[in-house]
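J.:
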Amino acid sequence: MLRYFYADELSSFPKLRDTMFRDRADQFKGRLGWDVHVNRAGEERDEYDLMNPLYVIWQQADGRHGGSMRFLPTSGRTMVNDHFRDLSDGAKIQSPLIWECTRFCLGAGAAPSVSGALMLGGLELGLGHHLTHAVGVFDHRMVRVYRRLGWGPTVMGSTGQGRDAISVGLWAFTPEIRATLLQRTGIGREVSKLWYDRAFGHRNPVSKSA
Amino acid sequence: MADGLDRIDPVVQGCYQRFHPVDWKQLDWSTKSSRHFLEEAAGAGVGNQGLSVPIRGPSGQFALFTVNHRCTDFEWEKFSQNSVKDLLLVSHYVNQKALELERGTDVVPGQALSPREIDALTMLALGLSRARAAERLSISEHTLRVYIEGARFKLGALNTTHAVARALVKGLLVV
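Going line by line, the protein sequences match chains A and B.
Be aware that the first sequence starts at 1, since it is given in our numbering, and climbs by one per residue.
Be aware that the second sequence starts at 211, since it is given in our numbering, and climbs by one per residue.
If you want it as structure tokens, here you go:
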């Protein structure tokens with residue numbers, strides 16, 4: 001199922017948290033060979049994980065991490081603005097309606113449908129919070145994967161060559177994409193909404209008297 | 211905050227360390243202390259409906275912008291569905307102004323427009339549509355929108371027209 005957690009909520013889900021950071025080490029250091037730091041516990045964490053980001057996580061039936069991505073508001077510090085300014089021609093990407101999405105990660109044993117489910121989670125997050133775009137940093141080879149899933153980014157710029165290329169791109173939050181992602185993942189509209197509402201839905205009226 | 215109300219207020223509790231807009235109905239008002247707090251607030255004129263926007267600044271600042279009203283759930287739902295996006299922009303604009311007051315100037319230090327942002331505004335100043343401007347710059351309209359949005363933000367402008375006007379007045383564009 002899709003979960004939406006701020007970093008400070010993860011302490012209640014230690015297995016999910018620990019497997020996520022270990023899967024990130026496997027993917028970014030191991031499989032992609034990015035210059036990222038892996039700690040003694042075999043976890044990949046960076047300074048942005050300390051800024052209480054919002055994670056969209058696919059949680060497997062056994063409670064472990066299946067895949068995830070990380071969101072931060074562009075009004076605060078972000079990876080694109082701190083490290084990849086040259087990829088957007090020096091422009092600082094900053095808007096209340098744009099959030100940054102980074103560290104799109106899949107667990108090594110994750111089912112093929114997980115990547116589509118994560119994109120659905122990202123879309124629900126953006127549409128639910130009235131955003132216009134997500135700006136992301138990703139391995140350039142993923143562009144093909146995103147497009148095949150039905151929601152490709154507009155690439156703003158890339159750095160590096162071949163398998164080392166890292167790109168910055170924009171995803172537009174449009175409701176029309178939802179139907180495509182629901183269909184490709186086989187997830188029901190109501191189920192997706194329920195997962196979202198568990199994190200951001202209404203609990204109860206503030207007071208009965210209007 | 212002298213009475214430790216920040217520890218009781220569900221709005222502060224529910225928005226601190228967050229960055230998504232929060233309708234007050236998402237918060238937990240069920241504890242005894244928060245019920246009591248709400249009664250006191252209602253006595254002081256606070257309504258039963260609210261939407262709070264937590265804002266995170268570039269240096270780790272935290273600000274909270276709230277709109278509050280007294281009406282039925284149905285009326286509020288209608289209002290908030292139509293207005294959240296505007297409120298997001300308003301809240302960030304107010305926050306930016308507050309930071310300017312604190313600094314004593316509306317000139318954001320070290321925030322020169324990038325070459326691409328200048329290109330985008332120049333095209334608009336010359337009367338090109340977004341589609342044509344994007345085409346001339348060999349970028350997508352989405353990318354163009356981001357450059358315009360970046361320039362708008364840096365110039366402290368309310369909208370694209372305002373941004374073009376400000377950039378022209380400041381002599382940043384050659385048209």
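The beta carbon of each residue, even a glycine, is placed where N, CA and C say it ideally should be.
(1) Buried or exposed, going by whether 16 or more other CB atoms sit within 10 Å of the CB of B:P220?
(2) Give the DSSP-derived three-state secondary structure of A:T19 in the structure shown.
(3) Closer than 9 Å, CB to CB, is B:D283 near chain A or not?
(4) Check the Cβ-Cβ distances between A:T159 and every residue of chain B, and say whether any is below 9 Å.
(5) Could you list which residues in chain C have their beta carbon closer than 8 Å to that of A:F200, in chain order?
(6) If we cut at 9 Å on Cβ distances, does A:M255 have a partner in chain B?
(7) Between A:P53 and B:Q271, what straight-line distance do the alpha-carbon atoms span, to the nearest angstrom?
(8) A:I93 CB to nearest chain B CB: under 9 Å?
(9) Taking 9 Å as the threshold (C-beta atoms), are A:V137 and A:V80 in contact?
(10) Anything in the segment 76-88 of chain A with a Cβ closer than 7 Å to a Cβ of chain B? List those residues in chain order, please.
(11) Compare the C-beta of A:A172 with all C-beta atoms of chain B and state if any pair is closer than 9 Å.
(12) Just mark A:D23 as buried or exposed, buried being the case when its beta carbon has 16 or more other beta carbons within 10 Å.
(13) When the Cβ atoms of the segment 91-109 of chain A are set against those of the segment 134-149 of chain A, are three or more pairs found closer than 8 Å?
(14) Mind listing, in chain order, the continuous alpha helix (DSSP H) runs of no fewer than 4 residues lying wholly within the segment 62-103 of chain A?
(15) What is the DSSP secondary structure of A:I187, counted as helix, strand or coil?
(16) For the candidate residues A:R77, A:L120, A:M69, whose alpha-carbon lies nearest to that of A:L106?
(17) Would you identify the three-state DSSP class for B:M211, choosing helix, strand or coil?
(18) I'd like to know whether the C-beta of B:S348 is nearer than 9 Å to at least one C-beta of chain A.
(19) Less than 8 Å between C-beta atoms, sequence neighbours within five positions excluded: which residues of the same chain meet that for B:E377?
T.: Result, derived from the coordinates:
(1) buried
(2) helix
(3) yes
(4) no
(5) The structure shown contains no chain C; its protein chains are A and B.
(6) In the structure as shown, chain A starts at 1 and stops at 210, and residue 255 of chain A therefore has no counterpart that could be examined.
(7) 15 Å
(8) yes
(9) yes
(10) G76, R77
(11) yes
(12) buried
(13) yes
(14) 79-83
(15) coil
(16) A:M69
(17) Because the pLDDT of B:M211 is 48, which lies under 50, any placement of that residue in the model is unreliable, and the question is left without a value.
(18) no
(19) Note on residue identity: the sequence assigns Ala, not Glu, to residue 377 of chain B. L323, I328, L331, A335, A361, L365, L383, listed in sequence order.
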